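S.K.:
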Amino acid sequence: MKNVVFFLIPMLFVSCNKDGNKTPCESKSALTLCVYSQRTWECMNMPRPAGSYNYPICPEMEEWKDLKTSDERLEACQVPPCVLEKMSTQAVVQAIWEWPSGFGEFLHRDLYLADLESREKLHNAYIELQKRKDAGTALFERLILVDPLAPQTVFPLSQALEVLTSKTIYLSQLSNNQKRVIIEVALKNDDLRQEYSPPFSKSYRSTTSLLMGRTLVSIGYAPFVQAIKENEELKYFVEGWRPHPYNGTITTYTYSDYYYGNIPQQITLFARQFLHKQ
Numbered sequence: 052m053k054n055v056v057f058f059l060i061p062m063l064f065v066s067c068n069k070d071g072n073k074t075p076c077e078s079k080s081a082l083t084l085c086v087y088s089q090r091t092w093e094c095m096n097m098p099r100p101a102g103s104y105n106y107p108i109c110p111e112m113e114e115w116k117d118l119k120t121s122d123e124r125l126e127a128c129q130v131p132p133c134v135l136e137k138m139s140t141q142a143v144v145q146a147i148w149e150w151p152s153g154f155g156e157f158l159h160r161d162l163y164l165a166d167l168e169s170r171e172k173l174h175n176a177y178i179e180l181q182k183r184k185d186a187g188t189a190l191f192e193r194l195i196l197v198d199p200l201a202p203q204t205v206f207p208l209s210q211a212l213e214v215l216t217s218k219t220i221y222l223s224q225l226s227n228n229q230k231r232v233i234i235e236v237a238l239k240n241d242d243l244r245q246e247y248s249p250p251f252s253k254s255y256r257s258t259t260s261l262l263m264g265r266t267l268v269s270i271g272y273a274p275f276v277q278a279i280k281e282n283e284e285l286k287y288f289v290e291g292w293r294p295h296p297y298n299g300t301i302t303t304y305t306y307s308d309y310y311y312g313n314i315p316q317q318i319t320l321f322a323r324q325f326l327h328k329q
């Protein structure tokens, strides 16, 4: 890990003017760009977008420890609406990327889409992203640049980006040519991960396969669509779920390697077939 030097500057708080003045937001002080945010830049392979939001608080700061509940931390990390609405779409993605609670946090239970959608309701940057007509393009541009071998144990950002991009709302904004590129990149990334990151190769493969499978569905690749109709396990996986008995009575769903078996390998084969026939 590179040594990261940062400057501790007084915190930034932004408030919105409600009296109808032309200047809706005003900065009361400057901000600390903390180590947490800077670490997330290392695997981006792109400049930090202009106008990106600088969170006034993050886990490295003493003020973070003073926030006793998750609700307090969540509230402290909301982007002021008057700022959010003026940000570029890439800057909105960056606000998600640098969220102090951790962009990849939703991956820890192997309930990828369900947990992502739960977190989307908590942070207004996610909500804003869903309003943007170019959100799919912004995610696509980032996906083809991000380091696929970004450290998984601390910041599984490349995996989290794969799951976010796989959502229908964003794939539907892309052309079939862009979706084809997604599959090409996903296959290349999968090969790299299997070769260079064996401790995490299976975990990496689950999110990459999810992205490829959902992209093939978005394209309408007939052989894969038919396979989903004939294979309930494949259908569950691509829809974001896998059946798993819990306590013998309740059915939950998981991407755990124990349950998804050879589904990722099947999706990989369909993806290669798709590219071969193009």
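Going by this note's numbering, the sequence shown wraps up at 329, each residue one higher than the last.
C-beta atoms are modelled at their ideal positions from N, C-alpha and C, and glycine is treated no differently.
Predicted model only: the values in this text are computed from it and were never measured.
Which residue marks the beginning of the alpha helix (DSSP H) containing Val289, and which one marks its end?
M.R.: Element bounds for Val289: Glu283 to Glu290.
S.K.: Go ahead and pull the three-state DSSP assignment for Val143.
M.R.: Correct three-state label for Val143: helix.
S.K.: Just confirm the distance between the C-beta atoms of Cys94 and Val236, as a whole number of angstroms; I'd bet it's less than 8 Å.
M.R.: The Cβ separation is near 15 Å, so there is no contact.
S.K.: My output table needs one value for Val197: the three-state DSSP class, helix, strand or coil.
M.R.: Coil at Val197, not helix or strand.
S.K.: Give me, in chain order, the residues of the same chain whose beta-carbon lies closer than 8 Å to that of Phe157; leave out the 5 immediate sequence neighbours on both sides.
M.R.: Closer than 8 Å at Cβ, skipping near neighbours: Tyr163, Asp166, Leu167, Ser169, Arg170, Ala211 and Val214.
S.K.: Alpha helix (DSSP H) containing Glu171: first to last residue?
M.R.: Element bounds for Glu171: Tyr163 to Glu171.
S.K.: State the DSSP-derived secondary structure class of Lys119, mapped to helix, strand or coil.
M.R.: Coil, per DSSP.
S.K.: Quick one, are the C-beta atoms of Gln129 and Asn175 less than 8 Å apart?
M.R.: Taking 8 Å as the Cβ cut-off, Gln129 and Asn175 qualify as a contacting pair.
S.K.: Where Asp185 and Ile220 are concerned, what is the direct C-alpha to C-alpha distance, given to the nearest angstrom?
M.R.: For Asp185 and Ile220, the distance between alpha carbons rounds to 11 Å.
S.K.: With DSSP collapsed to three states, give me the class of Glu174.
M.R.: The sequence given here places His at residue 174; Glu does not occur at that position. Note: His174 maps to coil in three-state DSSP.
S.K.: Taking Glu200 as the reference, give the member of Gln245, Glu283 and Leu267 with the closest Cα.
M.R.: In the sequence as displayed, the identity of residue 200 is Leu instead of Glu. Among Gln245, Glu283 and Leu267, the Cα nearest to that of Leu200 belongs to Gln245.
S.K.: Using a threshold of 8 Å, state whether the C-beta atoms of Val289 and Arg265 are closer than that.
M.R.: In contact: Val289 and Arg265 (Cβ atoms closer than 8 Å).
S.K.: Could you name the residues of the same chain whose beta carbon sits closer than 8 Å to that of Val268, not counting the 5 residues immediately before and after it, in chain order?
M.R.: Excluding sequence neighbours, Val268 sits near Phe275, Val276, Ile279 and Val289.
S.K.: If we count the other Cβ atoms within 10 Å of its Cβ and call it buried at 16 or more, is Asp241 buried or exposed?
M.R.: By the neighbour-count rule (16 or more Cβ atoms within 10 Å), Asp241 is buried.
S.K.: Would you mind reading off the limits of the alpha helix (DSSP H) that contains Gly211?
M.R.: For clarity, residue 211 is Ala in the given sequence; the question names Gly instead. Note, Ala211: alpha helix (DSSP H), Leu208 to Thr216.
S.K.: Looking at the C-beta of Gly102, does it have a partner C-beta in chain C at a distance below 8 Å?
M.R.: No chain C is part of this structure, which consists of one protein chain only.
S.K.: State buried or exposed for Ala101, treating a residue as buried only when at least 16 other CB atoms are found within 10 Å of its CB.
M.R.: It is exposed - the Cβ of Ala101 has fewer than 16 other Cβ atoms within 10 Å.
S.K.: Short of 6 Å in beta carbon distance, which residues of its chain neighbour Gly187, apart from the five on each side in sequence? Order them along the chain.
M.R.: For Gly187, where only same-chain residues beyond five positions count, the Cβ hits under 6 Å are Tyr221, Gln224 and Leu225.
S.K.: Determine the contact status of Ile314 and Glu284, defining contact as a CB-CB distance below 8 Å.
M.R.: Result yes, Cβ atoms of Ile314 and Glu284 sit closer than 8 Å.
S.K.: What would DSSP say about Asn313, mapped onto helix, strand or coil?
M.R.: Coil at Asn313, not helix or strand.
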